[in-house]
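One structure is given below, encoded as structure tokens.
Numbering (our numbering), first residue to last: 1 to 140.
Pasting the structure below:
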């Protein structure tokens, strides 16, 4: 049985973060700051496993727009950095309700390890109980 969590050593994960930062920087240089901030800034790298890169976006609309307008370019940039990358998959990161795990859109299988977007554009694992639960309020 294959594990869903990437067992890569921290040094390799750091290298992937550097590659992702370079790709985002090149894309920003190509499209300009305004377009980048409007459409691409919210991309989050969820994983790089084998030949597939998974990029998360907050909404289906944004996912579809980025895939349609920049999917081929992102694929080319990944292949320039890591020639073994054959596919860049775009998915929606759903916001969970209180007490529900995070999952990606209906086309994709739910992630084994829920993640949240970090400030660096990478997804980081969420531990159980890391999000506050809504407490019911009584009318007084």
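The beta carbon of each residue, even a glycine, is placed where N, CA and C say it ideally should be.
Roughly how many angstroms lie between the CA atoms of residue 82 and residue 45, to the nearest whole one? Here residue 82 is taken as the residue at index 82 of the chain shown, counted from 1. Here residue 45 is taken as the residue at index 45 of the chain shown, counted from 1. About 15 angstroms.
Please report the straight-line C-alpha distance between residue 58 and residue 43, rounded to a whole angstrom. In the chain shown, counting from the first residue as 1, residue 58 sits at position 58. In the chain shown, counting from the first residue as 1, residue 43 sits at position 43. About 8 angstroms.
Pairwise C-alpha distance: residue 50 and residue 33: Residue 33 sits at position 33 when you count from the first residue of the chain shown. Residue 50 sits at position 50 when you count from the first residue of the chain shown. CA-CA distance, residue 33 to residue 50, rounds to 31 angstroms.
Quick one: what's residue 44 bridged to in DSSP? Taking the first residue of the chain shown as position 1, residue 44 is located at position 44. Answer is 56.
DSSP three-state label for residue 19, please. The residue given as residue 19 occupies position 19 in the chain shown. Reduced to three states, the DSSP call for residue 19 is helix.
Suppose the cutoff is 6 angstroms on Cβ atoms and the five residues either side in sequence are ignored; what does the same chain contact list for residue 19 look like? The residue given as residue 19 occupies position 19 in the chain shown. Only 81 meet the Cβ criterion.
With DSSP run on the structure shown, which of helix, strand or coil describes residue 85? Looking up residue 85 in the chain shown gives position 85. DSSP places residue 85 in coil when its eight states are reduced to three.
To which residues of the same chain is residue 67 closer than 6 angstroms at the C-beta, ignoring the five residues directly before and after it? Residue mapping note: residue 67 aligns to position 67 of the chain shown, counting from 1. So the list reads 90, once near-sequence residues are dropped.
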